[in-house]
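Below is one structure, written out as structure tokens; the observations come after it.
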């Protein structure tokens, strides 16, 4: 379990470097000069956004073979990418 936690933290941290959420967090911290409150707020906000996805993903992996979950995720990613390229997103 600790290995999965460490890998998750590492992958998310690398993926989020330079993300607009970080820029907004820095701006809020500078405006309100309360970095602890801003850090807690942004952390809780990310938890609210990500926990349901993790829980649904766990259910999907238990209900479907991993290969199907990967295919579905790839299809959704491709559709979203195509929508952005067409100016729909």
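Residue numbers (this note's numbering): 142 to 230. Don't be surprised by glycine CBs; every beta carbon is placed ideally from N, CA and C.
Supposed close pair residue i, residue j - CB separation, criterion 8 Å
i, j, result
"residue 179", "residue 169", "5 Å"
Run of the alpha helix (DSSP H) containing residue i, from where it starts to where it stops
i, result
"residue 156", "143-157"
"residue 186", "176-204"
"residue 223", "207-226"
"residue 229", "Neither: residue 229 is in no alpha helix (DSSP H) and is coded neither H nor E."
CB contact flag (residue i, residue j, <9 Å)
i, j, result
"residue 213", "residue 204", "no"
"residue 187", "residue 162", "yes"
Among the options, nearest to residue i - alpha-carbon criterion
i, options, result
"residue 185", "166, 211, 217, 145", "166"
"residue 160", "209, 228, 207, 183", "183"
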